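Chains as they are written, first to last, in this note's numbering: chain S, 6 to 113; chain P, 517 to 632. Comments concern the structure below.
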Amino acid sequence: AQRVTQPEKLLSVFKGAPVELKCNYSYSGSPELFWYVQYSRQRLQLLLRHISRESIKGFTADLNKGETSFHLKKPFAQEEDSAMYYCALLTGANNLFFGTGTRLTVIP
Amino acid sequence: GAVVSQHPSRVICKSGTSVKIECRSLDFQATTMFWYRQFPKQSLMLMATSNEGSKATYEQGVEKDKFLINHASLTLSTLTVTSAHPEDSSFYICSARDPRASNEQFFGPGTRLTVL
């Protein structure tokens, strides 16, 4: 069975500080991982996926198979980054399995 | 990106009644849609996968007779909560897979169901 763990429910950082949202996974197959973001009063939307290896809104995430992690990082947090962030794993059935989410608050 | 709508956004009903929630892909055809349930301050839990023209695939623990899913067209899936009870009160979210976008899932805004 798969598992996605986001250990921090809440995370607060000051504007301009680096931010890292942790995600660890457990999956027997070849993992495909995603980060989704939900801004206040908006719908869930894809932020980035590991296979793209791209930076979106300054965020990056590297899949570390040895540590089974897919942490989301940004060197300088902005106020507009305040949101709910979900790590998700694509299962063999082509379904998304979500972590419990981390609420990021960037303090001005 | 692709747009997915849900209707209604909020619904309040009496215990024992049935409620239908619609999920539409507005600018693309979706052979596969998904229904999630989200409890307060918790994650999204996949309830079922809705396949156009065939029966839905339900996740373990989800009662298919309780949560009826119909995907009669390539742009519409419906979730009917039958004989609703207060414990069915939740936030229901649908998503649709867009084949034009590497099968990325696009999410609807969600429907808040309150059963009195």
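For every residue, glycine included, the Cβ atom is placed at its ideal position computed from N, Cα and C. Just so you know, these numbers come straight off a predicted model, no measurement behind them.
(request) May I ask you to verify whether the segment 29–46 of chain S touches the segment 76–96 of chain S, counting CB pairs closer than 8 Å and requiring at least 3? (result) yes
(message) Which residue marks the beginning of the beta strand (DSSP E) containing arginine 108(S), and which one marks its end?
(response) 107–112
(request) Compute the beta-carbon to beta-carbon distance between glutamine 11(S) and phenylalanine 102(S), rounded to the nearest angstrom, for a pair I have assumed lies under 8 Å. (result) Contact doesn't hold; Cβ gap of about 12 Å is too wide.
(message) Do glycine 624(P) and valine 520(P) have their beta-carbon atoms positioned less than 8 Å apart in this structure?
(response) yes
(request) Please classify tyrosine 44(S): is it buried, with 16 or more other beta-carbons within 10 angstroms of its beta-carbon, or exposed? (result) exposed
(request) Let me know the beta strand (DSSP E) ranges lying completely inside the segment 561–586 of chain P, each 3 residues or longer, listed in chain order. (result) none
(message) Restricting to Cα atoms, I'd like to know which of Cys610(P), Ser605(P) and Leu632(P) is closest to threonine 591(P).
(response) Cys610(P)
(message) Tell me the rounded alpha-carbon separation between leucine 53(S) and alanine 518(P).
(response) 16 Å
(message) For glycine 106(S), would you say it is in contact with chain P, using Cβ-to-Cβ distances shorter than 8 Å as the test?
(response) yes
(request) Measure the beta-carbon distance from arginine 628(P) to arginine 540(P) and round it to whole angstroms, keeping in mind my assumption that it falls under 8 Å. (result) Their Cβ separation, rounded to whole angstroms, is 18 Å, which puts arginine 628(P) and arginine 540(P) out of contact at 8 Å.
(message) Could you pull the DSSP bridge partners for alanine 66(S) from this structure?
(response) Leu77(S)
(request) Please check the pair serine 534(P) and threonine 594(P), which I expect to be a contact at CB under 8 Å, by giving their CB distance rounded to whole angstroms. (result) With a Cβ gap of about 11 Å, serine 534(P) and threonine 594(P) do not count as contacting.
(message) Along the segment 557–584 of chain P, where does the CB come closer than 9 Å to a CB of chain S? Name the residues.
(response) Lys557, Gln558, Ser559, Leu560, Met561, Leu562, Thr565, Thr573 and Glu575
(message) Rounding to the nearest angstrom, what Cα-Cα distance links valine 631(P) and serine 599(P) in this structure?
(response) 10 Å
(request) Could you tell me whether the Cβ of phenylalanine 607(P) comes closer than 8 Å to any Cβ of chain S? (result) no
(request) Classify leucine 542(P) as buried or exposed, calling it buried when 16 or more other Cβ atoms lie within 10 Å of its own Cβ. (result) exposed
(message) Using only the alpha-carbon positions, how far apart do isoleucine 112(S) and lysine 20(S) sit?
(response) 6 Å
(message) For a contact defined as C-beta to C-beta under 7 Å, what are the partners of phenylalanine 555(P) on chain S?
(response) Going along chain S, no residue has its Cβ under 7 Å from phenylalanine 555(P), so there is no contact; the nearest lies around 11 Å.
(request) Compare the C-beta of tyrosine 91(S) with all C-beta atoms of chain P and state if any pair is closer than 8 Å. (result) yes
(message) Taking the beta carbon of isoleucine 56(S) as the centre, do at least 16 other beta carbons fall within 10 Å, making it buried, or is it exposed?
(response) exposed
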